[in-house]
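Visitor: Everything in the sequence shown is counted per my numbering, starting at 245 for the first residue and increasing by one. Where is the CB? At the ideal position from N, CA and C, for every residue including glycine.
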Amino acid sequence: MSHQPFLNNPDEFPDPDEITSWGDETIIIDFIGGPYRFSGLNESQALALQSRFGDCCIPSCEENSIVIDTRIAHIDESVFREIDRANGYVYEHIDYSFKKSNVEIVGQYFTANLDLDNTLSATMWTPLNEHPWFPGIVFENFFRNLVAYRLLELGGVLLHSAGMVNHDDKVWLFVGHSGAGKSTIAELCCNAGYSILSDDLNAILPDGDKLYVEKVPFSGTFRSLHSRGSRYPLKTLCRIVKDNTNYLEPVSNGEMLALMVANSPFINQDRLRQDELLTNHLKMMEHCQSNTLHFSLDGKFTDLLS
């Protein structure tokens, strides 16, 4: 893949063995799959990330913990093409080159290399320093990819979904295509007194014969109050359908699997890792319920979420 339309010279991807760091600052962001350590930052970049990720930032790693390391490197802004910021590319489009031992990623004002040979590690290049796009559009777009590949490595998945914690402290995950109603369900569940993890991305990870869901600190429409370390057993995966009435009905394993894969961002584009992704999903589906939830805007579907 040529890394168009982002780079002026699409075939010239930076060399991970030859980098120039921005500075000597390091921050550690800790949540599911982590801790994630980012070195080579300058002071303003580190402060911006600390502000954005809040209580997910920790001062140091525990001894013997497996740390996911990323080097943050400088790259000249002239490497990147000028993109119309109104055309959706900033948030919605990222370009990939998938290889056996690594993945190259290019987005607006950043490039990144994920090294998959052993424990995941990465390098991210950006020309942005004191720029409002750095912590959100640039760094978070990269970080979402990093977390998705880390969860895959651990047998889990990062899933586009709305996550609700019921009164038994177990999670229902609502999955559907864009516009299916994930944010609507999150709002209606919140109005009914349920806790919401996210209406955008939720992390699922196995632990023995159980599955756990944890909030990830990425932007969504719904601002969750849950902080780092809030994880709950997964009870039910729900395919969601807008309707005039509220009821649950069975969903076939094939239909649920297809929906889950379609809503596994970043990884579902990687043909070299489709078998691994399918294996993770199939194992997860063995340890939780799956249903189709028909829901209406009256919010009474919450009576079904026991």
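Once DSSP output is grouped into helix, strand and coil, what is the label at Ala-235?
Guide: Outside the displayed span of the chain (245 to 550) sits residue 235, for which this structure offers no information.
Visitor: With a CB to CB cut of under 7 Å and the five nearest residues on each side skipped, what residues in its chain are close to Gly-332?
Guide: In this prediction, Gly-332 has a pLDDT of 45, which is less than 50 and means its spatial position is unreliable; what the coordinates show is noted afterwards. Excluding sequence neighbours, Gly-332 sits near nothing in its chain.
Visitor: In whole angstroms, give me the CA-to-CA distance for Asp-514 and Asp-268.
Guide: The alpha-carbon atoms of Asp-514 and Asp-268 are separated by roughly 33 Å.
Visitor: When you compare the stretch 476–490 with the stretch 528–543, are there three or more beta-carbon pairs, one atom per stretch, that lie closer than 8 Å?
Guide: yes
Visitor: Cutting at 8 Å between CB atoms, please list the residues of its own chain near Asp-487, excluding the five before and the five after it.
Guide: His-538, Phe-539 and Ser-540
Visitor: What is the DSSP secondary structure of Leu-430, reduced to helix, strand or coil?
Guide: In the sequence under discussion, the amino acid at residue 430 is Ala, which differs from the Leu named in the question. If DSSP states are grouped into helix, strand and coil, Ala-430 belongs with the helices.
Visitor: Should Ile-310 be labelled buried (16 or more other beta-carbon atoms within 10 Å of its own) or exposed?
Guide: exposed
Visitor: Please list the terminal residues of the continuous beta strand (DSSP E) segment that includes Arg-394.
Guide: Counting along the chain, Arg-394 falls outside any beta strand (DSSP E), though it belongs to the alpha helix (DSSP H) covering 383–397.
Visitor: Could you tell me the alpha carbon to alpha carbon distance between Ala-436 and Ile-484, rounded to whole angstroms?
Guide: Straight-line Cα distance between these residues: approximately 18 Å.
Visitor: How big is the Cα-Cα spacing for Leu-402 and Arg-325?
Guide: 30 Å
Visitor: Should Glu-384 be labelled buried (16 or more other beta-carbon atoms within 10 Å of its own) or exposed?
Guide: Counting Cβ neighbours within 10 Å, Glu-384 comes out buried, since at least 16 surround it.
Visitor: Does DSSP classify Asn-497 as helix, strand or coil?
Guide: helix
Visitor: Assign Ala-436 to one of three DSSP states: helix, strand, or coil.
Guide: Of the three classes helix, strand and coil, the one that applies to Ala-436 here is coil, per DSSP.
Visitor: Please state the DSSP three-state secondary structure of Asp-299.
Guide: helix
Visitor: For Asp-444, is the classification buried or exposed, using 16 other Cβ atoms within 10 angstroms of its Cβ as the cut-off for buried?
Guide: buried
Visitor: Identify which residue in His-421, Met-500 and Asn-410 has its Cα closest to the Cα of Val-457.
Guide: Asn-410
Visitor: Taking the alpha helix (DSSP H) that Asn-524 belongs to, which residues open and close that run?
Guide: 518–529
Visitor: Enumerate in chain order the residues of its own chain whose CB-to-CB distance from Ser-422 is below 6 Å, with the five nearest sequence positions on each side excluded.
Guide: none
Visitor: Under 8 Å Cβ to Cβ from Leu-364, same chain only, skipping five residues before and after it: list those, please.
Guide: So the qualifying residues of the chain are Ile-312, Leu-358, Leu-390, Tyr-393, Arg-394 and Glu-397.
Visitor: Jot down the residue ranges of each uninterrupted beta strand (DSSP E) in the stretch 339–373, minimum 3 residues, whole runs only, in chain order.
Guide: 339–342, 346–351, 354–359 and 365–370
Visitor: Short check: CB of Phe-354 to CB of Val-382, under 8 Å?
Guide: Yes, these two residues count as a Cβ contact at 8 Å.
Visitor: Buried or exposed, going by whether 16 or more other CB atoms sit within 10 Å of the CB of Ala-406?
Guide: By the neighbour-count definition (other C-beta atoms within 10 Å, threshold 16), Ala-406 is a buried residue.
Visitor: Please return the same chain residues whose Cβ sits closer than 8 Å to the Cβ of Asn-346, not counting the five positions on each side in sequence.
Guide: Asn-357, Leu-358, Asp-359, Leu-360 and Asp-361
Visitor: Please state the DSSP three-state secondary structure of Val-415.
Guide: It is a strand residue.
Visitor: Looking at the unbroken beta strand (DSSP E) that takes in Glu-458, where does it start and where does it end?
Guide: 454–459
Visitor: In or out: Gln-352 buried (at least 16 other Cβ within 10 Å) or exposed?
Guide: buried
Visitor: Find out if the Cβ-Cβ distance for the pair Cys-305, Ile-273 is shorter than 8 Å.
Guide: no
Visitor: Look up Gly-332 in the DSSP assignment and say whether it is helix, strand or coil.
Guide: Only weak support is given to the placement of Gly-332: the predicted model assigns it a pLDDT of 45, under 50, and the value that follows is read from those uncertain coordinates. In the structure shown, Gly-332 sits in coil (DSSP, three-state: anything other than H, G, I, E or B).
Visitor: Which word fits Ser-442, buried or exposed, when buried means at least 16 other C-beta atoms lie within 10 angstroms of its C-beta?
Guide: Ser-442 sits buried, since 16 or more C-beta atoms from the chains shown fall within 10 Å of its C-beta.
Visitor: Let me check understanding here. Comparing Cα to Cα, which of Phe-545, Pro-258, Glu-374 and Ala-447 lies closest to Leu-432?
Guide: Cα-wise, what sits closest to Leu-432 is Phe-545.
Visitor: Under 6 Å Cβ to Cβ from Pro-379, same chain only, skipping five residues before and after it: list those, please.
Guide: Ala-292, Leu-293 and Arg-296
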